[in-house]
Ligand SMILES: *Cc1c(COP(=O)(O)O)cnc(C)c1O
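This is the structure we're talking about:
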């Protein structure tokens, strides 16, 4: 099978994990967790990084440390992985869904501005939704596929409407915006180290911030809100969200490979573009100022090609390719929340986009096989 995005453990993963096993430090205590945090913080040039058990956990903690709750609303693109919206809903807050841009596939800023200027009212420092009366507390851009939205405009809007910027950079480790690393641009940013992400710990996440109090509170919450000391005293409702040392060991080794991963992902994307553009496959275009990590090569397929049949055909030929996310506003548990759109771009991308094998250990022969099988199928469609 040619896999979509499998872990590449060709670095010092084994060596570091062995060290954990040899020295008995496999759980939450141990040297690799702070080392991994520090390396990520350095790489992204932020002051604080707090390792968590998943990207979803990091998002949930982001909501908690920013005091987002049932009276609040968070602006979020409808084209994202479900975890983004689940984290908002864990707190009782409401998502407000925005469609994405047809070129970049990132949150449409014009829609956001339009919503804020026409559907909200101002009261003592904050803006409130006219119908739900929820406080618009935060804006949560998602860096879909390692591309990023127009962060300058988001920053401007956030200032104008007093919104907190939370970055879901789960897919964007290594991407940057005018030389600022993804994850470092908001009040809080998060990464995921899930198995398919560019850097993986098997499962894990990270919360990034410049703010000492936020970092401290995040660390407190992920450790069951336990007060330092010998006794078991807890001062609020916390979580068991810490990253294991044995996983941080893998993460540290993965980070050492990141420059190579970035290079390889770019080559893979470049190869697909070169080979598939001629048969009408369309990639997203980069937002101005973005350096992309090309985490997962994803394309809009030609209109005469049936997506399900293509995916089946590829699968039968030993190639794992995938559909893209169903827009969040169409999922049953989120359908009661507001959605703003001009042309329902997210729905179109969902219907027409597929992700192609993008593992960093893929070789040229496998890439050529993917391309030739796609061409074979597309030829049948044309006939
Ligand atoms: C992977 C991902 C997450 C969740 O990360 P987990 O580590 O799987 O919990 C959140 N948001 C986006 C956009 C993702 O791609």
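Residue numbers (our numbering): 98 to 480.
Glycine included, every Cβ here is placed at the ideal spot set by N, Cα and C.
Note on geometry: alpha-carbon atoms of residue 466 and residue 265 lie some 33 Å from one another.
Within the same chain, Cβ atoms closer than 8 Å to the Cβ of residue 404 are found at 398, 420, 448, 449, 451, the five residues on either side in sequence being excluded. The DSSP assignment places 191-195, 217-220, 223-226 as complete runs of the beta strand (DSSP E) inside the region 187-235, in order along the chain (cut-off: 3 residues). Here the alpha carbon of residue 377 sits roughly 10 Å from the alpha carbon of residue 401. In terms of side-chain proximity, the C-beta atom of residue 180 is found nearer than 7 Å to a non-hydrogen atom of ligand 1.
The way I'd put it, the region 184-195 does touch the region 147-157; three or more beta-carbon pairs between them come closer than 8 Å. In the structure shown, the three-state DSSP call for residue 246 is coil. Along the region 390-439, the beta strand (DSSP E) occurs as fully enclosed runs of 3 or more residues at 395-397, listed in sequence order. Look at residue 240 here: in three-state DSSP terms it is coil, with no helix or strand label. In chain order, 277, 278, 281 place their CB closer than 8 Å to the CB of residue 142, counting only its own chain and leaving out the 5 sequence neighbours on each side. Here the alpha carbons of residue 133 and residue 105 stand approximately 18 Å from one another. Under the 10 Å beta carbon count, residue 430 is surrounded by fewer than 16 other beta carbons and is classified as exposed. Counting only runs of 3+ residues, the beta strand (DSSP E) found wholly inside the region 241-308 occupies 261-265, 285-289, 302-306, in chain order.
Taking 8 Å as the cut-off, the beta carbon of residue 234 is found no closer than this to the beta carbon of residue 208. If you draw a 10 Å sphere on the C-beta of residue 98, you find fewer than 16 other C-beta atoms in it, and that means exposed.
Counting along the chain, residue 347 sits inside the alpha helix (DSSP H) bounded by residues 342-373. For the 8 Å CB-CB criterion, residue 263 and residue 283 form a contact. Residues 401, 402 of the same chain have their beta carbon placed closer than 6 Å to that of residue 478, with the five preceding and five following residues left out of the count.
Distances between the C-beta of residue 350 and the heavy atoms of ligand 1 are all 7 Å or more. Going by C-alpha positions, residue 123 is about 29 Å away from residue 359. Of all alpha-carbon atoms in 240, 369, 388, the one lying nearest the alpha-carbon of residue 379 is that of 369.
Look at residue 454 here: in three-state DSSP terms it is coil, with no helix or strand label.
Taking a C-beta distance under 8 Å as the contact criterion, residue 228 and residue 384 do not qualify as a contact pair.
When rounded, the separation of the alpha-carbon atoms in residue 342 and residue 292 is 17 Å. Taking residue 338 as the centre and dropping the five residues before and after it, the same chain places the C-beta of 149, 150, 154, 319 closer than 6 Å to its C-beta, in chain order.
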